[in-house]
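The structure appears below as structure tokens.
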Amino acid sequence: PPPPAQTDSSVTHQGDLAEFLSRAELLNAKFDSSGGPGSGSLRLLSQEEAVAGRIGGGAGVLAKAARERRRLAAEELRNQLRIPRRPAWSPGVTSPAELESLERESFLRWREAMALLEAKDGVAMTPYEKNLDFWRQLWRVLERSQAVVQIVDARDPLFFYSPDLDAYAKECGCQTAVLLNKCDLLTPIQLTAWRQYFQTAGTRALFFSAKPAGSEADEDAQDVAQAEADEAAAIHVNESMPKVLAPDGLAEALADLAAEASLASSSSATGVPVVGLVGYPNVGKSSSINALLRAKKVPESATPGRTKHLQTLPLGDRLVLCDCPGLVMPQFVGTSADLVVHGVLPIDNMRDCLGPVQLLCDRIDRQALAEVYGLRLPEPPEPLTAAGLLTAYAELHGYTTGHGVPHLDRAAREILKDSVTGRRKALVYCQAPPGLQQIDEVDFNSRPSELSIKTATMSMTAAAGEDREDAASVAAASLTDFDKQFFAETGKSWKRHNNSSKREKLRRVYRHLDQ
Numbered sequence: 001p002p003p004p005a006q007t008d009s010s011v012t013h014q015g016d017l018a019e020f021l022s023r024a025e026l027l028n029a030k031f032d033s034s035g036g037p038g039s040g041s042l043r044l045l046s047q048e049e050a051v052a053g054r055i056g057g058g059a060g061v062l063a064k065a066a067r068e069r070r071r072l073a074a075e076e077l078r079n080q081l082r083i084p085r086r087p088a089w090s091p092g093v094t095s096p097a098e099l100e101s102l103e104r105e106s107f108l109r110w111r112e113a114m115a116l117l118e119a120k121d122g123v124a125m126t127p128y129e130k131n132l133d134f135w136r137q138l139w140r141v142l143e144r145s146q147a148v149v150q151i152v153d154a155r156d157p158l159f160f161y162s163p164d165l166d167a168y169a170k171e172c173g174c175q176t177a178v179l180l181n182k183c184d185l186l187t188p189i190q191l192t193a194w195r196q197y198f199q200t201a202g203t204r205a206l207f208f209s210a211k212p213a214g215s216e217a218d219e220d221a222q223d224v225a226q227a228e229a230d231e232a233a234a235i236h237v238n239e240s241m242p243k244v245l246a247p248d249g250l251a252e253a254l255a256d257l258a259a260e261a262s263l264a265s266s267s268s269a270t271g272v273p274v275v276g277l278v279g280y281p282n283v284g285k286s287s288s289i290n291a292l293l294r295a296k297k298v299p300e301s302a303t304p305g306r307t308k309h310l311q312t313l314p315l316g317d318r319l320v321l322c323d324c325p326g327l328v329m330p331q332f333v334g335t336s337a338d339l340v341v342h343g344v345l346p347i348d349n350m351r352d353c354l355g356p357v358q359l360l361c362d363r364i365d366r367q368a369l370a371e372v373y374g375l376r377l378p379e380p381p382e383p384l385t386a387a388g389l390l391t392a393y394a395e396l397h398g399y400t401t402g403h404g405v406p407h408l409d410r411a412a413r414e415i416l417k418d419s420v421t422g423r424r425k426a427l428v429y430c431q432a433p434p435g436l437q438q439i440d441e442v443d444f445n446s447r448p449s450e451l452s453i454k455t456a457t458m459s460m461t462a463a464a465g466e467d468r469e470d471a472a473s474v475a476a477a478s479l480t481d482f483d484k485q486f487f488a489e490t491g492k493s494w495k496r497h498n499n500s501s502k503r504e505k506l507r508r509v510y511r512h513l514d515q
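Residues in the sequence shown are numbered from 1 upward in steps of one, following full-length UniProt numbering.
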């Protein structure tokens with residue numbers, strides 16, 4: 001018999017055998033070793049069939065033309081990307097065994113529909129959640145919530161946003177909204193562009209940053225320089241730029257969203273509105289909840305499966321938050337390297353480091369990479385490759401394997417973590433909303449370099465204290481000249497005169513008598 005399903009962990013990747021056994025368990029199928037008619041649908045595939053049956057993006061990087069073709073093909077099939085629905089059931093009429101059987105059948109039909117999409121030519125699908133128990137948690141969150149908020153990463157909102165989840169939530173009678181987290185990584189121009197996009201689409205969008213303001217003192221000067229650098233370019237969008245909400249403002253917005261449903265008395269056991277929070281792993285869902293509660297109530301983890309069950313957390317006496325476990329929903333993607341760059345797949349568990357790093361090389365200006373890490377990179381028109389970048393980084397830091405070869409994996413992990421976490425703002429890449437021209441997309445991600453930020457910070461500091469330092473500059477200059485003269489070396493610099501009591505050899509002491 002097939003092994004029991006892993007109900008206590010998230011399942012996004014499955015091998016051929018694990019995939020076959022999970023389907024067999026959903027069907028409650030039994031197989032014998034005879035291979036005859038009664039052995040089910042088990043059949044050995046030829047090598048050609050096995051190669052043709054492996055659908056999905058690899059770890060490599062596609063050319064720009066191939067990525068564009070795959071994007072256009074995905075746009076045509078995007079409406080078919082659905083999440084599993086819970087089958088209809090009646091309390092007191094449908095027994096638990098019947099409900100479980102209905103859920104398994106419905107989930108299996110959904111898996112088969114997703115497999116047909118994966119088999120389409122020219123498209124590739126992300127590894128999505130294949131554990132039925134995790135989808136059951138989503139169903140329960142939708143059933144008990146009056147409003148559902150999808151939390152997405154503001155650097156690429158549409159990658160983490162599921163329109164079908166909004167449609168399913170509205171089928172359950174819930175108000176919907178999308179929360180763009182990590183807005184501190186976006187420029188005013190980028191925030192304005194995404195606000196205009198969601199307004200045009202008719203989707204309520206909230207802008208938030210779970211990172212507390214001023215949490216890193218070393219970034220204060222960079223933030224000031226960044227604002228000054230963008231002021232000239234963003235002066236025409238200041239009026240339409242969205243306000244990045246504080247935790248108190250976000251709590252008020254969520255309470256208003258839940259109150260609009262006006263279903264608290266009929267569907268909420270306590271009479272308090274319930275807001276369900278749903279999102280991918282590593283989009284900042286747990287950190288947003290902790291920021292709202294002003295305490296660490298939810299464990300934060302970048303990998304799916306840390307939270308295995310829904311949690312209800314009261315936010316004062318006006319609101320209850322219903323936290324859903326992190327779900328990786330089906331989505332079209334270029335390659336699996338996109339999942340690593342977006343932080344969906346753990347960086348420490350990646351098997352191929354060249355693909356994700358090559359995406360960074362294609363998206364981020366090489367001058368920014370050179371300034372941030374102090375590397376000597378090839379000049380245009382020579383292309384910047386992932387191997388070249390990682391080799392230069394590993395040699396600079398002395399990362400080598402046991403055979404003296406540059407340790408590319410270790411270098412890739414550090415660079416990718418800097419980009420995913422936003423620790424280095426010069427390495428942050430933000431996807432532009434659909435509809436922007438190519439020239440607009442280039443300007444959309446334009447950021448001041450590290451060198452210009454430092455120069456601007458120094459110039460602002462000098463300008464601010466110029467009047468106060470006029471009187472002290474003369475005294476400081478004279479004091480500096482005095483120090484230089486006092487500590488100036490006289491005579492030969494290699495002679496040591498600091499230890500006059502040191503015992504010398506007699507032939508050196510009396511060498512003048514030998515003359």
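Note that beta-carbon positions come from the ideal geometry of N, C-alpha and C, so glycine has one too.
Have a look at residue i and residue j and give me their C-alpha separation to the nearest angstrom.
i	j	result
Glu76	Pro434	15 Å
residue 516	Asp184	In the structure as shown, the chain begins at 1 and stops at 515. Residue 516 is therefore absent and cannot be evaluated.
Pro242	Leu254	17 Å
Ile300	Pro330	With the sequence shown as reference, residue 300 is identified as Glu, and Ile is not the correct amino acid for it. So the alpha carbons of these two residues sit roughly 23 Å apart.
Asp133	Lys425	38 Å
Arg140	Val298	19 Å
Asp166	Thr176	6 Å
Arg54	Asp317	Residue placement at Arg54 is poorly supported in this model, since its pLDDT is 39, which falls under 50; the coordinates still yield a value, given next. Straight-line Cα distance between these residues: approximately 52 Å.
Gln196	Thr94	46 Å
Pro87	Leu72	33 Å
Asn349	Lys130	19 Å
Ser162	Gly404	46 Å
Ile83	Tyr373	42 Å
Gln80	His309	28 Å
Gln199	Pro188	16 Å
Ala205	Ser288	15 Å
Arg111	Trp135	12 Å
Gly343	Pro381	30 Å
Lys505	Arg511	10 Å
Val357	Thr335	13 Å
Val333	Leu116	16 Å
residue 530	Glu100	Since the first residue of the chain shown is 1 and the last is 515, residue 530 is not available in this structure.
Leu108	Lys120	19 Å
Phe159	Arg78	12 Å
If you drop the 5 nearest sequence neighbours on each side, which residues of the same chain put their C-beta closer than 6 Å to that of residue i?
i	result
Ala291	Ala210 and Pro247
Asp156	Gln431
Glu260	Gln175
Leu345	Leu339
Val272	Val320
Please list, in chain order, all residues of the same chain as residue i whose beta carbon is under 8 Å from its beta carbon, the five residues on each side excluded.
i	result
Leu377	Arg366, Leu369, Ala370, Leu384, Gly388, Leu389 and Ala392
Gln438	Low local confidence applies: a pLDDT of 47 at Gln438 is under 50, so the model's placement there is unreliable, and no value is given.
Tyr128	Thr12, Met114, Val328, Met329, Pro330 and Gln331
Pro406	Leu390, Thr391, Ala394, Glu395, Tyr399 and Thr400
Leu359	Val61, Ala337, Asp338 and Val341
Val244	Cys183, Asp184, Leu191, Phe207, Phe208 and Ser209
Leu257	Ala147, Val149, Gln175, Ala177, Arg204 and Val275
Tyr168	Ile83, Arg85 and Leu142
Taking DSSP's pairing of strands, which residues face residue i in a bridge?
i	result
Ala205	Val178
Met125	Phe332
Val357	DSSP, once it has assigned bridges, lists no residue as partnering Val357.
Cys322	Gly276 and Thr312
residue 520	The chain is shown from 1 up to 515; residue 520 falls before or after that span and cannot be answered.
Check for me: the alpha helix (DSSP H) holding residue i runs from which residue to which?
i	result
Asp164	Pro163 to Glu171
Ile415	Leu408 to Thr421
Ala147	Ala147 -> not in any alpha helix (DSSP H); beta strand (DSSP E) instead, spanning Ala147 to Asp153.
Glu118	Pro96 to Glu118
Trp89	It is not in any alpha helix (DSSP H) - Trp89 carries neither H nor E in the DSSP assignment.
Asp317	Looking at the DSSP string, Asp317 is not in any alpha helix (DSSP H), and its letter there is neither H nor E.
Ala368	Arg366 to Tyr373
Asp352	No alpha helix (DSSP H) holds Asp352; DSSP gives it neither H nor E.
Gln137	Leu132 to Arg144
Arg507	Leu506 to Val509
Leu427	Per DSSP, Leu427 belongs to no alpha helix (DSSP H) and is neither H nor E.
Pro157	Pro157 to Phe160
Start and end of the beta strand (DSSP E) containing residue i?
i	result
Ile289	No beta strand (DSSP E) contains Ile289, which is instead part of the alpha helix (DSSP H) from Lys285 to Leu293.
Asp248	That residue, Asp248, is in no beta strand (DSSP E); its alpha helix (DSSP H) goes Pro247 to Ala261.
Ile83	Counting along the chain, Ile83 falls outside any beta strand (DSSP E), and DSSP gives it neither H nor E.
Less than 7 Å between C-beta atoms, sequence neighbours within five positions excluded: which residues of the same chain meet that for residue i?
i	result
Lys182	Asp153, Ala154, Arg155, Ser209, Gly284 and Gly422
residue 523	Past the boundaries of the shown model lies residue 523; the chain is included only from 1 to 515, so the question cannot be answered.
Cys324	Gln137, Leu138, Val141, Gly276, Leu277, Val278 and Leu310
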